[in-house]
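The structure appears right after this line, and notes come after that.
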Amino acid sequence: MKISELQVKDVIAMETGERLGYITDLDIDSQRGQLKGLVLTLKGKAMGLFGKDEEMVIPWNQIVNIGADVILVKKTGFSSKSEDQKFE
């Protein structure tokens, strides 16, 4: 599966049915060559305070299902960060 295929899918919180947004990036562990999680810009938060987008990182183990149109995730265990915060 290509990242472009993931980016067009809605990310939905399984517990609430809330649409969280779309994937904007991947969090990759370059030392191990493993996908750590999905990064998405929060819905309705684009161009937030001082023009920095707020992002949510969804750990890979929180992904329940990747379907044809949506990605279902558990809403616990997320972290939010502004765009200027870098990954390890």
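Mapped onto full-length UniProt numbering, the consecutive letters of the sequence shown carry residue numbers 1 to 88.
For glycine and all other residues, C-beta sits at the position ideal for the given N, C-alpha and C.
Keep in mind that this is a model prediction, so the values were computed, not measured.
Bridge partner(s) assigned by DSSP for residue i
{"i": "leucine 38", "result": "Leu26 and Ile58"}
{"i": "leucine 72", "result": "Ile12 and Asn65"}
{"i": "glycine 21", "result": "Val11 and Leu42"}
Residue burial classification, residue i (beta-carbon count within 10 angstroms, cutoff 16)
{"i": "methionine 1", "result": "exposed"}
{"i": "asparagine 65", "result": "exposed"}
{"i": "threonine 16", "result": "exposed"}
{"i": "residue 103", "result": "Any question about residue 103 goes unanswered here, given that the chain covers just 1 to 88."}
{"i": "leucine 35", "result": "exposed"}
Nearest neighbour of residue i, chosen from the options [CA to CA]
{"i": "glutamine 62", "options": "Leu42, Ile12, Val8 and Asp25", "result": "Ile12"}
{"i": "threonine 41", "options": "Gly67, Asp69, Leu26 and Gln34", "result": "Leu26"}
{"i": "isoleucine 58", "options": "Val39, Arg19, Glu18 and Lys9", "result": "Val39"}
{"i": "leucine 6", "options": "Leu20, Asp29, Asp69 and Glu54", "result": "Asp69"}
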